[in-house]
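*Asks:* In the working numbering, the protein residues as written are 2 to 335. For glycine and all other residues, C-beta sits at the position ideal for the given N, C-alpha and C. On a predicted model such as this, the values are computed, not experimentally measured, just so you know. Mind having a look at this structure? Questions to follow.
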Amino acid sequence: MTMMVPGLLAAYALVVAAAGTWWLPRASWPRRRPRLGIAACQVLTVTFVASVLLAGLLIAIPCLPDGVNLDVAAELRDHYSSARGIAIGSAAAAASLTVIGRLLWAAASAMATARRRRARHDETLALVGRPGPVPGLVILDDDRPLVYCLPGRDRVVVTTGALNRLDRAELQAVLAHERAHLSARHHLVIMLARILPDAFPGIRFLAIAADQIGGLVEMAADDSAARQHRLPLARALLLLATSPVPAPALGAARTAAGQRICRLLDRPRPASTAGRVAAFTVTLLAAPALALTVPACALLAAPHCSPNPAHQPPAASAPHSLPSHAAAPDKDLD
Ligand SMILES: [Zn+2]
């Protein structure tokens with residue numbers, strides 16, 4: 002068994018975690034290009050988890066089988082024939098299964114919790130809310146200035162406190178922000194980002210990446226709304242910044258309000274068409290490709306099971322090694 006590939010994968014994961022922990026909170030370009038920033042965070046976290054998982058699996062399973070054959074069984078038998086092999090292989094297998102199990106548990110838990118909270122919130126809105134003047138808008142009688150969307154229900158909730166404080170342009174701006182969340186399915190982006198730190202709470206890098214994604218999602222929605230409502234959105238965020246938002250919802254001023262207001266006031270240079278196409282291409286194609294590059298290279302470099310002579314066709318070398326009259330029946334070759 003070679004430990005080179007699992008060792009390289011583990012080293013790569015350590016480098017990604019260390020670099021991500023240091024770099025993600027300090028980098029400024031993701032705030033200028035929030036969608037690219039989200040993609041970068043996703044690439045780093047996915048490739049980190051994939052590398053750790055693959056490293057464990059490659060230690061537990063010493064070679065990759067070529068098709069359906071018995072070679073892997075023979076290799077596994079050899080691999081686990083010594084006490085050291087049993088200890089290392091079993092520990093790696095247990096660690097890999099733990100990683101998979103915690104990921105599945107965290108994903109199932111996050112989905113169930115989100116569904117339960119949304120259903121409860123929906124029931125409450127049905128009792129105390131009233132329909133607004135446009136489809137999908139719900140008005141709540143509450144003095145606190147609140148505007149938020151309910152993912153999955155495609156509804157935007159506005160309190161009377163917000164209606165009283167926001168002027169028409171500011172209200173249109175925050176509604177555009179919330180609709181950007183709904184159309185981009187930002188609740189799924191945030192939920193997927195939270196699954197990893199929930200599954201592995203001891204890894205700081207994953208928590209930092211999830212926090213960054215939460216802030217960048219708000220900036221991406223700001224950018225959508227700011228195409229027509231830049232200054233009204235900044236004023237609205239200032240008015241809404243101090244109000245809390247219910248857990249399953251995405252609020253207009255929920256995250257990093259001060260930073261976002263400064264960002265809206267500091268008008269950025271408009272991106273060129275080529276820049277937007279490049280950003281779209283990177284987000285859609287290059288980011289998933291990058292996330293899979295290291296695991297794919299590791300799989301290509303991983304050793305394959307050596308063919309077991311007992312499973313090979315017996316007559317392959319017979320014409321060169323035996324005279325034709327001496328060709329033996331199969332049972333004599335065993
Ligand atoms: Zn928002």
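By the DSSP assignment, the beta strand (DSSP E) with residue 132 in it spans what residues?
*Replies:* That run of the beta strand (DSSP E) goes 130-132.
*Asks:* State yes or no: is the C-beta of residue 171 nearer than 7 Å to some heavy atom of ligand 1?
*Replies:* Checking the Cβ of residue 171 against ligand 1 gives no.
*Asks:* Which residues in the same chain have their Cβ closer than 8 Å to the Cβ of residue 22, if we skip the five residues on either side of it in sequence?
*Replies:* 205, 206 and 209.
*Asks:* Please confirm whether any heavy atom of ligand 1 lies closer than 7 Å to the CB of residue 124.
*Replies:* No, since every heavy atom of ligand 1 falls outside the 7 Å radius drawn around the Cβ of residue 124.
*Asks:* Skipping 5 residues on each side, what residues in its chain have a beta carbon closer than 7 Å to that of residue 155?
*Replies:* Closer than 7 Å at Cβ, skipping near neighbours: 137 and 183.
*Asks:* Please report how far the alpha carbon of residue 217 lies from the alpha carbon of residue 39, in whole angstroms.
*Replies:* So the alpha carbons of these two residues sit roughly 6 Å apart.
*Asks:* What do you reckon, is the C-beta of residue 242 under 7 Å from a heavy atom of ligand 1?
*Replies:* Flag unset: Cβ of residue 242 not near ligand 1.
*Asks:* Taking buried to mean at least 16 other C-beta atoms within 10 Å of its own C-beta, is residue 213 buried or exposed?
*Replies:* Its Cβ being crowded by 16 or more others within 10 Å, residue 213 is buried.
*Asks:* Output the boundary residues of the alpha helix (DSSP H) element that contains residue 228.
*Replies:* Residues 205-241.
*Asks:* Give the DSSP-derived three-state secondary structure of residue 1 in the structure shown.
*Replies:* Lying outside 2 to 335, the shown extent of the chain, residue 1 is not represented and no answer is given.
*Asks:* So the alpha helix (DSSP H) residue 167 belongs to, where does it begin and stop?
*Replies:* Neither: residue 167 is in no alpha helix (DSSP H) and is coded neither H nor E.
*Asks:* What is the DSSP secondary structure of residue 147, reduced to helix, strand or coil?
*Replies:* If DSSP states are grouped into helix, strand and coil, residue 147 belongs with coil.
*Asks:* Given the structure, does residue 228 come close to ligand 3, in the sense that its CB is under 7 Å from one of the ligand's heavy atoms?
*Replies:* As presented, the structure is devoid of ligand 3, carrying ligand 1 as its sole ligands.
*Asks:* Compare the C-alpha of residue 153 against each of 123, 163, 86 and 94 and name the closest.
*Replies:* It is 123.
*Asks:* Using the C-alpha atoms, what's the distance from residue 53 back to residue 126?
*Replies:* Answer to the nearest angstrom: the Cα atoms are 44 Å apart.
*Asks:* Quick check: what's the CA-CA separation for residue 170 versus residue 241?
*Replies:* Answer to the nearest angstrom: the Cα atoms are 14 Å apart.
*Asks:* Pick helix, strand or coil for residue 62, following the three-state DSSP scheme.
*Replies:* Here residue 62 sits in coil by DSSP.
*Asks:* Spell out a yes or no on whether the segment 226-242 and the segment 41-58 are touching, meaning 3 or more CB-CB pairs, one atom from each, closer than 8 Å.
*Replies:* Output reads no: the segment 41-58 does not touch the segment 226-242.
*Asks:* Can you give me the C-alpha to C-alpha distance between residue 84 and residue 106, rounded to a whole angstrom?
*Replies:* In a straight line, the C-alpha of residue 84 is about 32 Å away from that of residue 106.
*Asks:* In the DSSP assignment, the beta strand (DSSP E) including residue 139 goes from what residue to what residue?
*Replies:* Run containing residue 139: 138-141, per the beta strand (DSSP E) assignment.
*Asks:* Quick check: the segment 159-176 against the segment 188-198, are at least 3 beta-carbon pairs closer than 8 Å?
*Replies:* No: the two stretches stay apart, fewer than three of their Cβ pairs being nearer than 8 Å.
*Asks:* What span of residues does the alpha helix (DSSP H) with residue 192 cover, start to end?
*Replies:* 187-200 is the extent of the alpha helix (DSSP H) around residue 192.
*Asks:* Quick check on this structure: which residue in 8, 29 and 15 has the alpha carbon closest to the alpha carbon of residue 261?
*Replies:* Cα-wise, what sits closest to residue 261 is 29.
*Asks:* Just verifying my parser: in three-state terms, what is the DSSP assignment at residue 5?
*Replies:* Residue state, collapsed to three classes: helix.
*Asks:* DSSP on residue 267, reduced to helix/strand/coil?
*Replies:* Residue 267 falls in the coil class under three-state DSSP.
*Asks:* Can we count residue 222 as close to ligand 1, meaning its CB is less than 7 Å from some heavy atom?
*Replies:* Indeed, a heavy atom of ligand 1 lies less than 7 Å from the Cβ.
*Asks:* Do residue 198 and residue 166 have their beta-carbon atoms positioned less than 8 Å apart in this structure?
*Replies:* Result no, Cβ atoms of residue 166 and residue 198 do not sit closer than 8 Å.
*Asks:* Starting from the Cα of residue 186, find the closest Cα among 103, 298 and 36 and give me that residue.
*Replies:* Per the Cα distances, 36.
*Asks:* Note down the Cα distance separating residue 7 from residue 49, rounded to an integer number of angstroms.
*Replies:* Their backbone Cα atoms lie some 13 Å apart in a straight line.
*Asks:* Where does the unbroken alpha helix (DSSP H) through residue 33 begin, and where does it stop?
*Replies:* Start and end: 30-33.
*Asks:* Shorter than 7 Å, the distance from the beta carbon of residue 178 to the closest heavy atom of ligand 1, or not?
*Replies:* Checking the Cβ of residue 178 against ligand 1 gives yes.
*Asks:* Applying the 10 Å Cβ sphere with the 16-neighbour rule, what's the burial state of residue 99?
*Replies:* Classification of residue 99: exposed, given that the 10 Å Cβ count is below 16.
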